[in-house]
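K.L.:
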Amino acid sequence: MTLWLTRIVPSPSSREARRDLGGSDQGIRLHQRMLQMFPDGVEGPARAAFGVLFRAEESPHGPQILLQSHLEPDSSRLPGSYGSVETRCLDALLLNLHKGMVVNYRCVANPVRKPGTTSREAYGLPPVVALSGNAAVEWWERQSNASGLEALHINAHPLAAVRGHQGSKGPAAKQRIQHARTQFDGTARVLDVELLREKLATGIGRGKAYGCGLLSIAPAR
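Residue numbers (the UniProt record's numbering): 1 to 221.
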């Protein structure tokens with residue numbers, strides 16, 4: 001499977017880009033914007049059909065959006081003057097992975113746990129509990145192992161949660177979305193190449209439609 005990575009540097013003069021990146025519903029707006037670059041009329045959820053994963057982050061030169069997909073996106077479907085767009089194929093990176101290789105990684109994820117019925121009733125817990133601090137780090141260690149990686153160093157940085165309504169009208173306007181987010185950075189050793197390739201393609205954890213789950217790696221120097 002071919003993976004494409006697209007880097008979008010939003011233009012400060014673009015009203016649409018400023019709106020997409022502003023506010024706690026950034027992930028919801030960007031979800032809609034990213035899908036604009038792919039064909040309409042697919043069967044089932046478009047995000048899954050095209051393997052769309054994304055995240056917005058700060059770079060040394062300002063904000064940027066990273067988009068990963070199974071199909072090369074059509075940037076001409078973005079609003080005019082939205083920003084600069086650069087797409088490259090990740091085949092070489094995927095082919096060069098090998099067991100024992102040390103990589104740098106980054107992933108903005110939604111670390112959570114789902115308490116059992118007994119714990120929920122005893123302590124009045126919700127169905128899904130967001131994790132932070134050491135609990136989030138331990139969650140990432142488990143996720144790393146399940147992704148074919150041995151985390152050697154972990155830096156966990158909490159980010160603002162994604163909050164908002166799924167849509168502006170109809171039933172979607174009544175469905176509220178909330179995903180706590182933590183950015184994980186560090187170094188890891190590759191333990192299982194095929195498992196890692198699978199997780200790079202499918203993402204990690206919950207909230208993938210709203211800017212969580214994209215795992216990025218690069219050979220450590």
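Glycine residues also receive a C-beta, built at the ideal position from the N, C-alpha and C atoms.
What's the gap between the Cα of S24 and the Cα of Q178?
P.N.:
One-based indexing of the sequence shown puts residue 24 at position 24. One-based indexing of the sequence shown puts residue 178 at position 178. Near 9 angstroms, if we compare the C-alpha coordinates of Q178 and S24.
K.L.:
Could you spell out where the alpha helix (DSSP H) holding N134 opens and where it closes?
P.N.:
To locate residue 134, count along the sequence shown from 1; it is residue 134. Unbroken alpha helix (DSSP H) run through N134: G133 to A146.
K.L.:
Going by Cα to Cα distance, which pick from P39, A48, A136 and L159 is closest to E58?
P.N.:
Stepping through the sequence shown from its first residue, residue 58 is reached at position 58. The option with the nearest alpha carbon to E58 is L159.
K.L.:
Give a yes or no on whether the C-beta atoms belonging to L149 and V102 are separated by under 8 angstroms.
P.N.:
Within the sequence shown, numbered from 1, the residue matching residue 149 stands at position 149. Within the sequence shown, numbered from 1, the residue matching residue 102 stands at position 102. Taking 8 angstroms as the Cβ cut-off, L149 and V102 do not qualify as a contacting pair.
K.L.:
Looking at P115: is its Cβ nearer than 8 angstroms to the Cβ of A136?
P.N.:
Residue mapping note: residue 115 aligns to position 115 of the sequence shown, counting from 1. Residue mapping note: residue 136 aligns to position 136 of the sequence shown, counting from 1. Not in contact: P115 and A136 (Cβ atoms no closer than 8 angstroms).
K.L.:
Determine the direct distance from the alpha carbon of L195 to that of P12, and round the result to whole angstroms.
P.N.:
Against the sequence shown, residue 12 aligns to sequence position 12. Against the sequence shown, residue 195 aligns to sequence position 195. Approximately 39 angstroms, taken between the alpha carbons.
K.L.:
How far does the alpha helix (DSSP H) with I28 in it reach, from first residue to last?
P.N.:
Taking the first residue of the sequence shown as position 1, residue 28 is located at position 28. Run containing I28: Q26 to L35, per the alpha helix (DSSP H) assignment.
K.L.:
Check for me: the beta strand (DSSP E) holding residue 251 runs from which residue to which?
P.N.:
With the chain represented from 1 up to 221, any question about residue 251 goes unanswered, as that position is not in the structure.
K.L.:
For S76, does the three-state DSSP call read helix, strand or coil?
P.N.:
For the purposes of this step, residue 76 is taken as the residue at position 76 of the sequence shown. Three-state DSSP puts S76 in a helix.
K.L.:
Rounded to a whole number of angstroms, what is the C-alpha to C-alpha distance between N145 and F184?
P.N.:
If you number the sequence shown from 1, residue 145 lands on position 145. If you number the sequence shown from 1, residue 184 lands on position 184. Between N145 and F184, the C-alpha separation is close to 14 angstroms.
K.L.:
With distance defined between alpha-carbon atoms, name the residue in L214, A109, K199 and R176 nearest to H157.
P.N.:
Taking the sequence shown and counting its residues from 1, the one referred to as residue 157 is at position 157. Nearest option by C-alpha distance: A109.
K.L.:
If G203 and G211 are in contact, beta carbons under 8 angstroms, what's the gap, nearest whole angstrom?
P.N.:
For the purposes of this step, residue 203 is taken as the residue at position 203 of the sequence shown. For the purposes of this step, residue 211 is taken as the residue at position 211 of the sequence shown. Going by Cβ atoms, the distance from G203 to G211 rounds to 11 angstroms, so no, they are not a contact pair.
K.L.:
Does DSSP classify D91 as helix, strand or coil?
P.N.:
Taking the sequence shown and counting its residues from 1, the one referred to as residue 91 is at position 91. It is helical.
K.L.:
Please check the pair M34 and S75, which I expect to be a contact at CB under 8 angstroms, by giving their CB distance rounded to whole angstroms.
P.N.:
Locating residue 34 in the sequence shown gives position 34, where the first residue counts as 1. Locating residue 75 in the sequence shown gives position 75, where the first residue counts as 1. Incorrect: roughly 11 angstroms between the Cβ atoms, too far for contact.
K.L.:
Take residue 247 and list the residues in its own chain whose beta-carbon comes closer than 7 angstroms to its own, dropping the five residues that flank it on each side.
P.N.:
Given a span of 1 to 221 for the chain in the structure shown, any question on residue 247 remains unanswerable.
K.L.:
Just reading off the beta strand (DSSP E) that V103 is part of, what are its end residues?
P.N.:
If you number the sequence shown from 1, residue 103 lands on position 103. Segment V102 to A109, the beta strand (DSSP E) holding V103.
K.L.:
Would you decide whether C107 is buried or exposed? Buried here means 16 or more other CB atoms lie within 10 Å of its CB.
P.N.:
In the sequence shown, residue 107 corresponds to position 107, counting from 1. Result: buried.
K.L.:
Assuming I8 and V129 form a contact by the criterion Cβ under 8 angstroms, report the distance between their Cβ atoms to the nearest whole angstrom.
P.N.:
The residue you call residue 8 lines up with position 8 of the sequence shown. The residue you call residue 129 lines up with position 129 of the sequence shown. I8 to V129, Cβ: 33 angstroms. No contact.
K.L.:
Secondary structure at A180, three-state DSSP: helix, strand or coil?
P.N.:
Locating residue 180 in the sequence shown gives position 180, where the first residue counts as 1. A180: strand per DSSP, three-state reduction.
K.L.:
With DSSP run on the structure shown, which of helix, strand or coil describes R47?
P.N.:
Here the question's residue 47 lines up with position 47 in the sequence shown. Here R47 sits in helix by DSSP.
K.L.:
Can you give the Cα-Cα distance for C89 and P127, rounded to whole angstroms?
P.N.:
Locating residue 89 in the sequence shown gives position 89, where the first residue counts as 1. Locating residue 127 in the sequence shown gives position 127, where the first residue counts as 1. Taking the straight line joining both Cα atoms gives about 39 angstroms.
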